[in-house]
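Trainee: Sequence positions in the sequence shown follow my numbering and run 7 to 129.
Ideal placement from N, C-alpha and C gives every residue a C-beta, glycine not left out.
Bear in mind the structure is a predicted one, so any value in this text is a computation, not a measurement.
What follows is a structure written as structure tokens; I'll ask about it next.
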Amino acid sequence: MRTISTLVTAVAVATWLPCVHPAVAQDAGAAKAKENYQSYCRKCHGDEGKGDGAGAAMLNPKPRDFADCANMQKRSDAELFKAISEGGEAVGMSADMQPWGGTISEPEVRELIKFVRSFCKKS
Ligand code: HEC
């Protein structure tokens, strides 16, 4: 009996994992990225990612415009990752862009990179 139930569990897990899990994880990751952006980034980078959020008025230089495809295409994911987790100064930009590594986990930062890249509509 025990062997059978273990087998049933193993089969259930094996069929569940590859089909259901990645899709769910992806949706959850994207949703979380949007939530993080709204809570932490929108005030400077703006609703459309154009760097025109309410908190940006006083800033010089202004936050980067994520809808500017020419600029965004020059940046690697590694550079964006460093800017977000270690702050603007770590990549030679404004210190007004603070390090978020202590607030936002590494996988969430990776999802945020996809999210900020989505403001540039061209691929
Ligand atoms: C206090 C305002 C402010 C907040 C909040 C803020 N940023 Fe920034 N961000 C900036 C500024 C200012 C720069 C640097 C602009 C420069 O030096 O040219 C910047 C730069 C960046 C860059 C580098 C862009 C590039 O061209 O390489 C990324 C990526 C970025 N921010 C993402 C984020 C994310 C993600 C969040 C939320 C977790 C966030 N920022 C929150 C102001 C802000």
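1) Would the segment 42–49 count as touching the segment 103–120 if we require 3 or more Cβ pairs under 8 angstroms?
2) For the alpha helix (DSSP H) containing phenylalanine 121, list its first residue and its last residue.
3) For aspartate 71, verify whether its CB is less than 6 angstroms away from any heavy atom of the ligand HEC.
4) Residues in the same chain with beta-carbon distance under 6 angstroms from histidine 51, minus the five sequence neighbours each way, listed in chain order, please.
5) For glycine 35, which of helix, strand or coil comes out of DSSP?
6) Please name the residue in Ser100, Glu112, Met99 and Asp102 whose C-alpha comes closest to that of serine 91.
7) By how many angstroms is the C-alpha of lysine 88 removed from the C-alpha of arginine 123?
Mentor: Walking through what the data contain:
1) yes
2) 112–123
3) no
4) Gly57, Gly59 and Pro69
5) helix
6) Glu112
7) 15 angstroms
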